[in-house]
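Colleague: In my numbering, the protein residues as written are 2 to 531.
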């Protein structure tokens, strides 16, 4: 029997079982691309509007942190390459990571792998199956995205190129996940490693695109390689060869590592727990103990984002000098350099706030995961009331997100205030971070309401973050009405050093937090515990 015996049969069965998890990712990314073409043709109908769009996007380097460089805003395909290019690559990488970990290490944690191993199955078949599933999903994504975007009016060559970058991203991060699945002690740690690598590479890519770095700096990260294809401008396929080569190397490394680890264990072993529970044996200490490792990673990452993006604030003068769009805006007297810097800092802190909200929502979602793993019933069988148990997790999410924002704001403000031409003080930046915290808490409260009252609708928590991201960063670009933009909690965050800050938004945010938490706690008291 070879090491990959049974791979074909297992792959066919796994695809049938996992298709419902893969299909939404394929549709989400495909619709993201196709909607860019449709929205551009619908909203920006004449050349003057398109030039105004190019100037607006060029005047806000903070958008490059997320979407990359705006190379061509005068055509639908150029707009699609900007709006969907890096986001689609990010989502494609996340899709591949989840597929590989779910069909490799997660099976070992649940015991399914042991049942499969009892049949005629080679040692490397499960990993091979997981990688093949990610490959199939990535190729299916490329095909579906191409067809849907092309039918929406995309040009053939540009559409094929951007679709190929999504496939390439999926292949690369399938390799990353395959390696992390051999290193991590369980599926959670394997996912955290792979997603953390994706996040770091995305942040570095954003920093390079937003700064005055040289052109060669775009080749530092694999996501930068995908940008070098320049869909709708050059349509250069050669950087995709580097992505494919990296994917092959990572997958080969994963198979080599798999031969060196024990079944059910990672090459990085778990440390043995303490002899006594200590503070983790209390209802308030248990959530902190469960999330301790992840929280440390999140807080370090948020602090690093503050320091990294703070460096962009110090170079805002150079960015303005090299950006003709900004020069025209400044020359018109519409805004000042200090105003642009303050707006840039506020936008960066909004981005960091969305990342902090992901951390908070992840903590809330763990409540239901503990239920499905049958770990909550023994706790509630003791003299522990449901509201107390829920409160212990909610308080951790609220405190952790606040600390993360303060750390990020402190790092950003410290670096930014050291610039010789700094127009913002350290205190201004920290205060801006603090007033952003209530908006983050609204998203945490929304997740609490969903998990507490109706866990079958818990996806609402993640959709809230996605909607906030889209409305905050893309809503003004698409000229959405104010009442729609107001759905985003970040829309109500005041700029603290503005001439006349509007503090009323914080009152509305406080009301939303109260309503969501009330719904969550009331629902948790009444619903069944799995």
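We put the CB at the ideal spot given by N, CA and C, even for glycine.
Check whether the segment 140-154 and the segment 175-193 are in contact - that is, three or more C-beta pairs closer than 8 Å.
Modeller: Output reads no: the segment 175-193 does not touch the segment 140-154.
Colleague: Counting only runs of 4+ residues fully inside the segment 171-247, write out the alpha helix (DSSP H) ranges in chain order.
Modeller: You should have 188-211, 223-228.
Colleague: Between residue 55 and residue 71, how many whole angstroms is the CB-CB distance? I'm expecting something under 8 Å.
Modeller: As a position in the chain shown, residue 55 is number 54, starting the count at 1. As a position in the chain shown, residue 71 is number 70, starting the count at 1. With a Cβ gap of about 7 Å, residue 55 and residue 71 count as contacting.
Colleague: Hey, could you find the ends of the alpha helix (DSSP H) residue 41 is sitting in?
Modeller: Your numbering for residue 41 matches position 40 in the chain shown. Note, residue 41: alpha helix (DSSP H), 8-44.
Colleague: For residue 466, count neighbouring Cβ atoms within 10 angstroms of its own Cβ and tell me buried if that reaches 16, exposed if not.
Modeller: As a position in the chain shown, residue 466 is number 465, starting the count at 1. Residue 466 comes out buried.
Colleague: Can we count residue 238 as close to the ligand FAD, meaning its CB is less than 8 Å from some heavy atom?
Modeller: Among the components of this structure there are no ligands whatsoever, and the ligand FAD is therefore not found.
Colleague: Could you say if the segment 508-522 and the segment 444-456 meet the contact criterion of at least three C-beta pairs nearer than 8 Å?
Modeller: They touch, by the three-pair rule.
Colleague: Would residue 175 and residue 98 qualify as a contact pair, given that the criterion is a beta-carbon distance under 9 Å?
Modeller: As a first step, residue 175 must be located in the chain shown, where it is residue number 174. As a first step, residue 98 must be located in the chain shown, where it is residue number 97. Result yes, Cβ atoms of residue 175 and residue 98 sit closer than 9 Å.
Colleague: Using CA atoms only, rank isn't needed, just tell me which of 372, 211, 342 is closest to residue 456.
Modeller: Locating residue 456 in the chain shown gives position 455, where the first residue counts as 1. That would be 372, whose Cα lies nearest to the Cα of residue 456.
Colleague: Give a yes or no on whether the C-beta atoms belonging to residue 291 and residue 415 are separated by under 9 Å.
Modeller: Working through the chain shown from its first residue, we reach residue 291 at position 290. Working through the chain shown from its first residue, we reach residue 415 at position 414. It is not a contact, given that the beta carbons lie outside the stated cut-off.
Colleague: Ignore the nearest five residues each way along the sequence and tell me which others in residue 497's own chain have a CB closer than 7 Å to its CB.
Modeller: Counted from its first residue, the chain shown places residue 497 at position 496. So the qualifying residues of the chain are 429, 432, 433, 436.
Colleague: For residue 105, which of helix, strand or coil comes out of DSSP?
Modeller: Looking up residue 105 in the chain shown gives position 104. In the structure shown, residue 105 sits in coil (DSSP, three-state: anything other than H, G, I, E or B).
Colleague: Starting from residue 154, trace the alpha helix (DSSP H) both ways and give me its first and last residue.
Modeller: Locating residue 154 in the chain shown gives position 153, counting from the first residue. Premise fails: residue 154 is in no alpha helix (DSSP H) and is neither H nor E.
Colleague: For residue 233, which of 73, 510, 214 has the nearest alpha-carbon?
Modeller: For this step, residue 233 is matched to residue 232 along the chain shown. Comparing Cα-Cα distances from residue 233 to each of 73, 510, 214, the minimum goes to 73.
Colleague: Hey, could you find the ends of the alpha helix (DSSP H) residue 264 is sitting in?
Modeller: Taking the first residue of the chain shown as position 1, residue 264 is located at position 263. Residue 264 -> no alpha helix (DSSP H), and no H or E assigned at all.
Colleague: For residue 393, which of 208, 286, 100 has the nearest alpha-carbon?
Modeller: Position 392 of the chain shown, counted from the start, is the residue given in the question as residue 393. That would be 286, whose Cα lies nearest to the Cα of residue 393.
Colleague: Please go through the same chain and pick out, in chain order, the residues whose beta-carbon is closer than 7 Å to the beta-carbon of residue 295, but skip the five residues on each side of it.
Modeller: The residue given as residue 295 occupies position 294 in the chain shown. So the list reads 193, once near-sequence residues are dropped.
Colleague: Helix, strand or coil, according to DSSP, for residue 129 in the structure here?
Modeller: Within the chain shown, the letter at position 128 stands for residue 129. DSSP places residue 129 in helix when its eight states are reduced to three.
Colleague: Near residue 409, what residues of its chain come up, given a Cβ to Cβ distance below 7 Å and the 5 sequence neighbours on each side ignored?
Modeller: Translated into positions along the chain shown, residue 409 becomes position 408. So the list reads 303, 304, 306, 307, 353, 434, once near-sequence residues are dropped.
Colleague: Counting only the same chain and skipping the five closest in sequence on each side, list residues whose C-beta sits under 6 Å from that of residue 12.
Modeller: Your numbering for residue 12 matches position 11 in the chain shown. Hits under 6 Å: 130, 133.
Colleague: Under the three-state reduction of DSSP, which class applies to residue 429: helix, strand or coil?
Modeller: Taking the first residue of the chain shown as position 1, residue 429 is located at position 428. Correct three-state label for residue 429: helix.
Colleague: Decide if the segment 230-249 is in contact with the segment 165-173; the criterion is three or more beta carbon pairs, one per stretch, under 8 Å apart.
Modeller: Yes, the segment 230-249 touches the segment 165-173.
Colleague: Return the chain-ordered list of same chain residues with a C-beta closer than 7 Å to the C-beta of residue 202, the five sequence neighbours on each side being excluded.
Modeller: Looking up residue 202 in the chain shown gives position 201. Once the five neighbours on either side are set aside, the close Cβ partners of residue 202 are 222, 223, 224.
Colleague: Among residues of its own chain, excluding the 5 on either side of residue 332, which ones have a beta-carbon nearer than 7 Å to its beta-carbon?
Modeller: Numbered from 1 along the chain shown, position 331 holds the residue referred to as residue 332. A caution first: residue 332 carries a pLDDT of 43, below 50, which makes its placement in the model too unreliable to give a value.
Colleague: Is there contact between the segment 33-45 and the segment 79-95, where contact requires at least three CB pairs shorter than 8 Å?
Modeller: Touching, per the Cβ criterion.
Colleague: Give me the Cα-Cα distance between residue 94 and residue 252, rounded to the nearest whole angstrom.
Modeller: Start at 1 with the first residue of the chain shown, and residue 94 comes out as number 93. Start at 1 with the first residue of the chain shown, and residue 252 comes out as number 251. Near 15 Å, if we compare the C-alpha coordinates of residue 252 and residue 94.
Colleague: Taking the alpha-carbon of residue 494 as reference, which of 349, 384, 31, 396 has the nearest alpha-carbon?
Modeller: As a first step, residue 494 must be located in the chain shown, where it is residue number 493. Checking every option, the nearest Cα to that of residue 494 belongs to 349.
Colleague: List the endpoints of the continuous alpha helix (DSSP H) containing residue 281.
Modeller: Taking the first residue of the chain shown as position 1, residue 281 is located at position 280. It is not in any alpha helix (DSSP H) - residue 281 carries neither H nor E in the DSSP assignment.
Colleague: Using the C-alpha atoms, what's the distance from residue 256 back to residue 140?
Modeller: What you label residue 140 is simply residue 139 of the chain shown in a count that begins at 1. What you label residue 256 is simply residue 255 of the chain shown in a count that begins at 1. The straight-line gap from Cα to Cα measures roughly 22 Å.
Colleague: Look at the Cβ atom of residue 90, then the Cβ atom of residue 166, and state whether they are nearer than 9 Å.
Modeller: Counting from one through the chain shown, the residue named residue 90 turns up at place 89. Counting from one through the chain shown, the residue named residue 166 turns up at place 165. In contact: residue 90 and residue 166 (Cβ atoms closer than 9 Å).
Colleague: Less than 9 Å between the beta carbons of residue 102 and residue 15, yes or no?
Modeller: Stepping through the chain shown from its first residue, residue 102 is reached at position 101. Stepping through the chain shown from its first residue, residue 15 is reached at position 14. Their beta carbons are not under 9 Å apart, which means residue 102 does not touch residue 15 by this criterion.
Colleague: Applying the 10 Å Cβ sphere with the 16-neighbour rule, what's the burial state of residue 78?
Modeller: Along the chain shown, read from residue 1 onward, the residue named residue 78 stands at position 77. Counting Cβ neighbours within 10 Å, residue 78 comes out buried, since at least 16 surround it.
Colleague: Mapping the DSSP letters down to three states, classify residue 489 as helix, strand or coil.
Modeller: One-based indexing of the chain shown puts residue 489 at position 488. Residue state, collapsed to three classes: coil.
Colleague: Would you identify the three-state DSSP class for residue 479, choosing helix, strand or coil?
Modeller: For the purposes of this step, residue 479 is taken as the residue at position 478 of the chain shown. In this structure, residue 479 counts as coil in the three-state DSSP scheme.
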